[in-house]
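Q: In my numbering, the protein residues as written are 34 to 460. Next up is a structure, given as structure tokens.
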Amino acid sequence: MAARDKSADKRKTKMNRTLSQLMDSDMDYERPNVETIKCVVVGDNAVGKTRLICARACNATLTQYQLLATHVPTVWAIDQYRVCQEVLERSRDVVDDVSVSLRLWDTFGDHHKDRRFAYGRSDVVVLCFSIANPNSLHHVKTMWYPEIKHFCPRAPVILVGCQLDLRYADLEAVNRARRPLASVSGMRNYSMFSFFADVTFILDDGAISAHKPLLISSCDWMAAMFGGPFVESSTQEVVLPYTSKSCMRAVLEYLYTGQFYSSSDLDYMKLIILANRLCLPHLVALTEQFTVSGLMEATQMLVDIDGDVLLFLELAQFHGAYQLADWCLHHICTNYNNICRKFPREMKAMSAENQDYFEKHRWPPVWYLKEEDHFQRARKEREKEDYLHQKRQPKRRWLFWNASSPSSSAATASSSSSSSSSSSAVV
Numbered sequence: 034m035a036a037r038d039k040s041a042d043k044r045k046t047k048m049n050r051t052l053s054q055l056m057d058s059d060m061d062y063e064r065p066n067v068e069t070i071k072c073v074v075v076g077d078n079a080v081g082k083t084r085l086i087c088a089r090a091c092n093a094t095l096t097q098y099q100l101l102a103t104h105v106p107t108v109w110a111i112d113q114y115r116v117c118q119e120v121l122e123r124s125r126d127v128v129d130d131v132s133v134s135l136r137l138w139d140t141f142g143d144h145h146k147d148r149r150f151a152y153g154r155s156d157v158v159v160l161c162f163s164i165a166n167p168n169s170l171h172h173v174k175t176m177w178y179p180e181i182k183h184f185c186p187r188a189p190v191i192l193v194g195c196q197l198d199l200r201y202a203d204l205e206a207v208n209r210a211r212r213p214l215a216s217v218s219g220m221r222n223y224s225m226f227s228f229f230a231d232v233t234f235i236l237d238d239g240a241i242s243a244h245k246p247l248l249i250s251s252c253d254w255m256a257a258m259f260g261g262p263f264v265e266s267s268t269q270e271v272v273l274p275y276t277s278k279s280c281m282r283a284v285l286e287y288l289y290t291g292q293f294y295s296s297s298d299l300d301y302m303k304l305i306i307l308a309n310r311l312c313l314p315h316l317v318a319l320t321e322q323f324t325v326s327g328l329m330e331a332t333q334m335l336v337d338i339d340g341d342v343l344l345f346l347e348l349a350q351f352h353g354a355y356q357l358a359d360w361c362l363h364h365i366c367t368n369y370n371n372i373c374r375k376f377p378r379e380m381k382a383m384s385a386e387n388q389d390y391f392e393k394h395r396w397p398p399v400w401y402l403k404e405e406d407h408f409q410r411a412r413k414e415r416e417k418e419d420y421l422h423q424k425r426q427p428k429r430r431w432l433f434w435n436a437s438s439p440s441s442s443a444a445t446a447s448s449s450s451s452s453s454s455s456s457s458a459v460v
């Protein structure tokens, strides 16, 4: 009997110890001084949602076998925070002196699945798409963003591009992406990006919305302004004086796509000034190319561009557009005499360095003009001497007669008869 009581006490003690451990773990799971952040991850199938969560929650990396294996749709269980102590510890962090615990909720990528339970009480939503799959980006606008705003309209949305290493895996997709981007398609995508804008640029003729993460990653000037200790880093409106909407739109399209698209309302010189101001030398070079092409096309259409070239020269030199400045110098030197006759004041107002360059490289050069002047004077003197020499020569008269006329035949007959009579007399 005593042995039974002793064994029962041992079992009771063991159960109490187990219950206390479970209670301790539950207390550890739900700490009162830790703020829990529910983050729901959504997106199409096979865009990398689960891999992204595993990389953050479990610090997991993929092996070569896993990378080459066929994709199998999976969902990372939220119970991992209760089962695995390591996952729970990795979820904790301190943000602005507040202890937080980030709880990542994985979801299915099927469009027909019901995700209203996952969206419930969500603090933030991470919307994923695959950089290697353009359709997943298209579904962001058509399917996922409306669904998010329907179930959790106040939750902030973070757009994440996954699978960057697979960007060039599909060569056909790469070749399709290399085609020229139509202006209509570009504006349609730009209107889609305005949904996620977190900064607005106040310009001279309006306002344009943009996205700080994209600007910071593609422009050092923007990174210093938004990521440094400046006022603009904490505001949603940034004033850019002396900037038009057309120029700022061209800059944003370049920062988002890495390409430059021309438009009819774009002032190339103002864009060069803005690009140099934002420390974008590649955009300056692209704008220079379009500017020179436009000037050459105008020349072929017999349009006078001399005034524009004079205006562009010193502006291009001041704002770092050295290729455009060299082309303007070449055009002015090639047409130096004509430009000097049409714009004498502007030519005299040029800087001393430019005037020295004109004197050294002008066409025709000074020595050629001197030689030509000497040649013309010598030619005139020679022509004058020849004229005087011809004037001193005596005048000669010439008699022209026609052998076929009757008078000439009669005169010929009389002369022949007289000659015959004289010859007979001599005999």
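Beta carbons: idealized from backbone N, C-alpha and C, even for Gly. None of these values were measured; they are calculated from a predicted model.
Does any residue of chain D bring its CB to less than 9 Å from the CB of residue 337?
A: Reference to chain D is not applicable here, since this structure consists of a single protein chain.
Q: What would DSSP say about residue 233, mapped onto helix, strand or coil?
A: Reduced to three states, the DSSP call for residue 233 is strand.
Q: For residue 184, which three-state DSSP category applies?
A: Note: residue 184 maps to helix in three-state DSSP.
Q: Using 10 angstroms around the beta-carbon of residue 384, count the other beta-carbons present and answer buried if the total reaches 16, otherwise exposed.
A: Exposed.
Q: Tell me the rounded alpha-carbon separation between residue 61 and residue 72.
A: Confidence in residue 61 is poor, its pLDDT being 44 and thus under 50, which makes the residue's placement too unreliable to answer from.
Q: Going along the chain, which residues of its own chain have a beta-carbon closer than 6 Å to the beta-carbon of residue 161, five neighbours each way excluded?
A: Within the same chain, residue 161 has close Cβ partners 76, 80, 82, 193 and 195.
Q: Following the continuous alpha helix (DSSP H) through residue 139, name the residue where it begins and the one where it ends.
A: Per DSSP, residue 139 belongs to no alpha helix (DSSP H); it is in the beta strand (DSSP E), 131-139.
Q: Buried or exposed: where does residue 55 fall if 16 or more other Cβ atoms within 10 Å of its Cβ makes it buried?
A: Caution applies to residue 55, whose pLDDT of 41 falls short of 50 and renders its modelled position unreliable; the model cannot decide the point.
Q: Pull up the DSSP beta-bridge partners for residue 70, would you.
A: DSSP output for residue 70 lists 135 as bridge partner(s).
Q: For residue 134, collect the residues of the same chain with a Cβ closer than 6 Å to its Cβ; drop the 5 residues on either side in sequence, then sort them by chain order.
A: Hits under 6 Å: 67, 69, 124 and 125.
Q: Which value, in whole angstroms, describes the spacing of the CA atoms of residue 137 and residue 90?
A: C-alpha separation (whole angstroms): 8 Å.
Q: Would you kindly check if the distance between the Cβ of residue 321 and the Cβ of residue 305 is under 9 Å?
A: Taking 9 Å as the Cβ cut-off, residue 305 and residue 321 qualify as a contacting pair.
Q: How about residue 285 and residue 235: are their beta carbons less than 9 Å apart?
A: Not in contact: residue 285 and residue 235 (Cβ atoms no closer than 9 Å).
Q: Assuming residue 86 is part of the alpha helix (DSSP H), what are its boundary residues?
A: Residues 82-90.
Q: Mapping the DSSP letters down to three states, classify residue 154 as helix, strand or coil.
A: Coil.
Q: Per the DSSP calculation, residue 75 is bridged to which residue(s)?
A: BP columns for residue 75 point to 160.
Q: Can you tell me where the beta strand (DSSP E) with residue 195 in it begins and where it stops?
A: Counting along the chain, the beta strand (DSSP E) containing residue 195 begins and ends at 190-195.
Q: In or out: residue 144 buried (at least 16 other Cβ within 10 Å) or exposed?
A: When all chains shown are included, residue 144 counts as exposed.
Q: Just to confirm, is the Cβ distance from residue 141 to residue 78 under 9 Å?
A: Yes; because the gap between Cβ atoms is below 9 Å, this pair is in contact.
Q: Determine the extent of the beta strand (DSSP E) in which residue 240 is found, giving its start and end residues.
A: 239-243 is the span of the beta strand (DSSP E), which, as asked, contains residue 240.
Q: Is the CB-CB distance between residue 352 and residue 387 below 9 Å?
A: Taking 9 Å as the Cβ cut-off, residue 352 and residue 387 do not qualify as a contacting pair.
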